[in-house]
Amino acid sequence: MRYLDNHDQTDATQNLALEEYAIRNLLGDEDLLYFYINAKAIIIGRNQNTAEEIATDVVAAQGIQVVRRVSGGGAVYHDPGNLNFSFMTRQVNERFNRYDTFNGPVLAVLHDLGVPAALSGRNDILVEGRKISGNAQFATADRMLSHGTLLVDSDLDAVTAALRPKPGKVESKGVKSIRSRVANINEFLTTPITAVELRERIIAKIYGTNDRTQIPSVTLSAEDGVGVAALRASRYANWDWNYGRNPAANVQRTQRFAAGEVDVRLDIQNNHIAAAAIYGDFMGQRDVAELAQLLVGVEYSGPAIAQALQGIDVGVYVANLTTAEVLALLAP
34 MRYLDNHDQT
44 DATQNLALEE
54 YAIRNLLGDE
64 DLLYFYINAK
74 AIIIGRNQNT
84 AEEIATDVVA
94 AQGIQVVRRV
104 SGGGAVYHDP
114 GNLNFSFMTR
124 QVNERFNRYD
134 TFNGPVLAVL
144 HDLGVPAALS
154 GRNDILVEGR
164 KISGNAQFAT
174 ADRMLSHGTL
184 LVDSDLDAVT
194 AALRPKPGKV
204 ESKGVKSIRS
214 RVANINEFLT
224 TPITAVELRE
234 RIIAKIYGTN
244 DRTQIPSVTL
254 SAEDGVGVAA
264 LRASRYANWD
274 WNYGRNPAAN
284 VQRTQRFAAG
294 EVDVRLDIQN
304 NHIAAAAIYG
314 DFMGQRDVAE
324 LAQLLVGVEY
334 SGPAIAQALQ
344 GIDVGVYVAN
354 LTTAEVLALL
364 AP
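Residue 35 in the working numbering sits at position 2 of the sequence shown, and the numbers go up by one each step.
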């Protein structure tokens, strides 16, 4: 596994641009490992409606960056007390949706520290029932990344203030607020550590050393630097990507499935679907906008929608979702 060093960059747009550039352009036959720590930022899941996930007044007042990532899942708050890790591989078929195959070194380090962490649900790491890490994945036909957060010493009150989770999600966890269901790793340690110290422990666990000269690494060329900068400008520093332009909608259907919440917005004109958008904190291998586009122009009736989706594997857009479940959700 080769190591990709971001040289302690803390700008979320730059760090996410480098991550995507790496998975698309730098991944060879060996896996890649990448860490980053962001300044204050909210990182939005690929399929979420940004305006409905954040407290815009708090974000503006505190100068919090809002950046959309390429993977699905829910919105998360980043600050210098939060460590982000990313594993990149070509083993898509063997490891997509298999978070346990990536999080082994992370869990091992936490256990070494005396923190009784364990994988829980579809993509979380919990300690004593409280979340210290959320994970998400992004895949193309021949490569994927699995990345996650680690709350080390994050400002959890800021998390509560900046995010606006939908009540159904929090209630489904059996608790009443974000603040009550998340925790910092330092809460379970007698001697606190920093996000940087935790990063170094994980690196040592994987490579057997922290000496960067002894670790196989990726060296960025000048051409790579230009590519990362271009991706940052066109995507991660772009308002349209981070916030998006939400289409008009006069029909909304929302349901929580095992994969997460699916929120469909339709604009019905003359009994036909004039526009469609699908939001949520679900995971998927392909861009859900492709699925939404299949609905545009279709008569707003059960049989017509069923015909439009015939032969379509909706599970590649929303993990484990079936066509029957989609039809039940969209039924007029």
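Ideal placement from N, C-alpha and C gives every residue a C-beta, glycine not left out.
{"Item": "Could you tell me which residues DSSP pairs with residue 293 in its beta bridges?", "Value": "290"}
{"Item": "In the DSSP assignment, find the unbroken alpha helix (DSSP H) run with residue 349 in it and report its ends.", "Value": "It is not in any alpha helix (DSSP H) - residue 349 carries neither H nor E in the DSSP assignment."}
{"Item": "Of all the beta strand (DSSP E) runs that stay within the bounds of the stretch 130-162, which reach a length of 3 or more residues?", "Value": "150-153, 157-160"}
{"Item": "Starting from the Cα of residue 250, find the closest Cα among 82, 236, 259 and give me that residue.", "Value": "236"}
{"Item": "Taking a contact to mean a Cβ-Cβ separation below 7 Å, would you say residue 296 touches residue 313 in this structure?", "Value": "yes"}
{"Item": "Residue 332 bridges to which residues according to DSSP?", "Value": "305"}
{"Item": "Based on Cα-Cα distance, which residue from 323, 333, 160, 292 lies nearest to residue 302?", "Value": "333"}
{"Item": "For my contact list, residue 52 and residue 178 are in at a C-beta cut-off of 8 Å; report their separation, rounded to the angstrom.", "Value": "7 Å"}
{"Item": "So, helix, strand or coil for residue 268, using DSSP?", "Value": "helix"}
{"Item": "Using a Cβ-Cβ cut-off of 6 Å (strictly less than) and excluding sequence neighbours within five positions of residue 157, which residues of its own chain qualify?", "Value": "164, 167"}
{"Item": "Express the C-alpha separation of residue 331 and residue 136 in angstroms, rounding to a whole number.", "Value": "43 Å"}
{"Item": "Please confirm whether residue 308 and residue 327 have their CB atoms less than 7 Å apart.", "Value": "no"}
{"Item": "Short of 8 Å in beta carbon distance, which residues of its chain neighbour residue 337, apart from the five on each side in sequence? Order them along the chain.", "Value": "331"}
{"Item": "Taking Cβ positions, are residue 99 and residue 217 nearer each other than 7 Å?", "Value": "no"}
{"Item": "Between which two residues does the alpha helix (DSSP H) carrying residue 184 extend?", "Value": "Here residue 184 belongs to no alpha helix (DSSP H); instead the beta strand (DSSP E) covers 177-184."}
{"Item": "Smallest Cα separation from residue 220: which of 120, 173, 150?", "Value": "150"}
{"Item": "If you draw a straight line from the alpha carbon of residue 346 to that of residue 322, how long is it in whole angstroms?", "Value": "14 Å"}
{"Item": "Just how far apart, CA to CA, sit residue 224 and residue 355?", "Value": "48 Å"}
{"Item": "Residues in its own chain within less than 7 Å of residue 362 by CB, not counting five upstream and five downstream?", "Value": "286, 288, 295, 297"}
{"Item": "Over the uninterrupted alpha helix (DSSP H) stretch that includes residue 232, give me the two end residues.", "Value": "228-240"}
{"Item": "Could you name the residues of the same chain whose beta carbon sits closer than 6 Å to that of residue 281, not counting the 5 residues immediately before and after it, in chain order?", "Value": "300"}
{"Item": "Tell whether a beta-carbon distance below 7 Å holds between residue 77 and residue 108.", "Value": "yes"}
{"Item": "Beta-carbon separation of residue 55 and residue 66 under 7 Å?", "Value": "no"}
{"Item": "Measure the C-alpha to C-alpha separation of residue 357 and residue 101 and round it to an integer number of angstroms.", "Value": "30 Å"}
{"Item": "Over what stretch of residues does the alpha helix (DSSP H) that includes residue 51 continue unbroken?", "Value": "45-54"}
{"Item": "Hey, out of 256, 244, 198, 186, whose CA is closest to residue 222's CA?", "Value": "186"}
{"Item": "Could you check where the alpha helix (DSSP H) with residue 192 kicks off and where it finishes?", "Value": "189-195"}
{"Item": "Tell me, which residues are paired with residue 171 by DSSP?", "Value": "178"}
{"Item": "Which runs of the beta strand (DSSP E) at least 3 residues long sit entirely within the stretch 41-118? Give them in chain order.", "Value": "65-69, 74-77, 98-101, 109-111"}
{"Item": "So, with DSSP's three-state summary, where would you put residue 284?", "Value": "strand"}
{"Item": "From residue 207 to residue 291, what does the alpha carbon distance come to, in whole angstroms?", "Value": "With a pLDDT of 40 at residue 207, under the threshold of 50, the predicted position of this residue should be treated as unreliable, and no value is reported."}
{"Item": "Does residue 304 pass the burial test, meaning 16 or more other C-beta atoms within 10 Å, or should it be called exposed?", "Value": "exposed"}
{"Item": "Of all the options 315, 352, 349, which has the alpha carbon lying nearest to the alpha carbon of residue 81?", "Value": "315"}
{"Item": "Apart from the five residues just before and just after residue 364, which ones in its own chain have a Cβ nearer than 6 Å to its Cβ?", "Value": "335"}
{"Item": "Out of curiosity, what's the CA-to-CA distance linking residue 266 and residue 259?", "Value": "11 Å"}
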